[in-house]
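Asks:
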Amino acid sequence: DGRPETASAPPGARELAERVRARGGTVAAAGGCFDLLHAGHVALLEAARRTGDCLIVCLNSDASVRRRKGPGRPLVEAADRMRVLNALECVDAVAVFDEDTPERLLGELRPHIWAKGGDYARSALPETRLVESWGGQVLLLPYLDGRSTTTLAERAARPPAPAPEGTP
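Under our numbering, think of the first position of the sequence shown as 392, with each following residue one higher.
Rendered as structure tokens:
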């Protein structure tokens, strides 16, 4: 749509976090590219939602995905990734960030829980120290082996295997 992507939390995400916090609830957040949404992503988001009273997804912008994953990515543009994420029952809000890491956005949202997939190491996440600075907790949630956007994209790009002889 031509608008610049911003790391500022949209009013809906920010207001949701403030409302939940004001009533003593737990704000959970999860982040990632979520390019070609698959079962591993959904499992992570459902598990993250169970840790809090709301779930805000911090979504890498198209430029951020490109810097992290290389040319040809993302496969799905941010507006579409956001629409699909917002359609999930476990997701309460989505906020896009343009930086390489979501630290600035997390600083605005100040979630109690920051959830990442178990394929990460807590010590390797640059945002761990920030989240813990306000008493937040970084949770590494179980990772579904074999579920990867990169693997899906590679499989889709391969020519189909020929059908065995005699197969209709």
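C-beta: ideal position from N, C-alpha, C; glycine also. Predicted model, so just to flag it, every value in this text is computed and none were measured.
Which class does GLY508 belong to by DSSP, given the choice of helix, strand or coil?
Replies: Here GLY508 sits in strand by DSSP.
Asks: Rounded to the nearest angstrom, how far is the Cβ of THR442 from that of ALA515, given a contact under 8 Å?
Replies: Actually they do not touch by this definition, with Cβ atoms about 21 Å apart.
Asks: Is the beta carbon of CYS424 sitting closer than 9 Å to the one on ARG474?
Replies: No, the pair does not count as a contact, with Cβ atoms beyond the cut-off.
Asks: With which residues is ASN451 paired in a DSSP beta bridge?
Replies: In the DSSP output, where bridge partners are listed per residue, ASN451 has PHE488.
Asks: Under a three-way DSSP split, which group does ALA430 fall into?
Replies: Residue state, collapsed to three classes: helix.
Asks: Considering only C-alpha positions, which residue in the set ASN477, ALA478 and GLY422 is nearest to ASN451?
Replies: Looking at the Cα atoms, GLY422 is the closest of the given residues.
Asks: Spatial neighbours of THR397 within its chain, please: C-beta separation below 6 Å, excluding the five flanking residues on both sides.
Replies: Its pLDDT being 47, under 50, THR397 is placed unreliably by the model, and the measurement read from it follows with that caveat. No residues qualify anywhere along the chain.
Asks: Rounded C-beta distance between LEU407 and ALA484? I'm assuming under 8 Å.
Replies: Contact holds; Cβ gap of about 5 Å.
Asks: Can you check which of these residues, CYS445, ARG457 and PRO462, is closest to ASP491 by C-alpha distance?
Replies: For the residues CYS445, ARG457 and PRO462, the minimum Cα distance to ASP491 belongs to ARG457.
Asks: Report the CB separation of ALA486 from ALA404 in whole angstroms; it is logged as a contact under 8 Å.
Replies: About 4 Å; that satisfies the 8 Å criterion.
Asks: Could you give the residue range of the alpha helix (DSSP H) that holds VAL411?
Replies: Note, VAL411: alpha helix (DSSP H), 402-413.
Asks: Three-state secondary structure (DSSP) at VAL482?
Replies: VAL482: coil per DSSP, three-state reduction.
Asks: CA-CA distance, LEU479 and ALA552?
Replies: Those two C-alpha atoms are separated by around 34 Å.
Asks: Could you pull out every residue in the same chain whose Cβ sits closer than 7 Å to the Cβ of GLU468, ignoring the five residues on either side in sequence?
Replies: Answer for GLU468: ASP453, listed in chain order.
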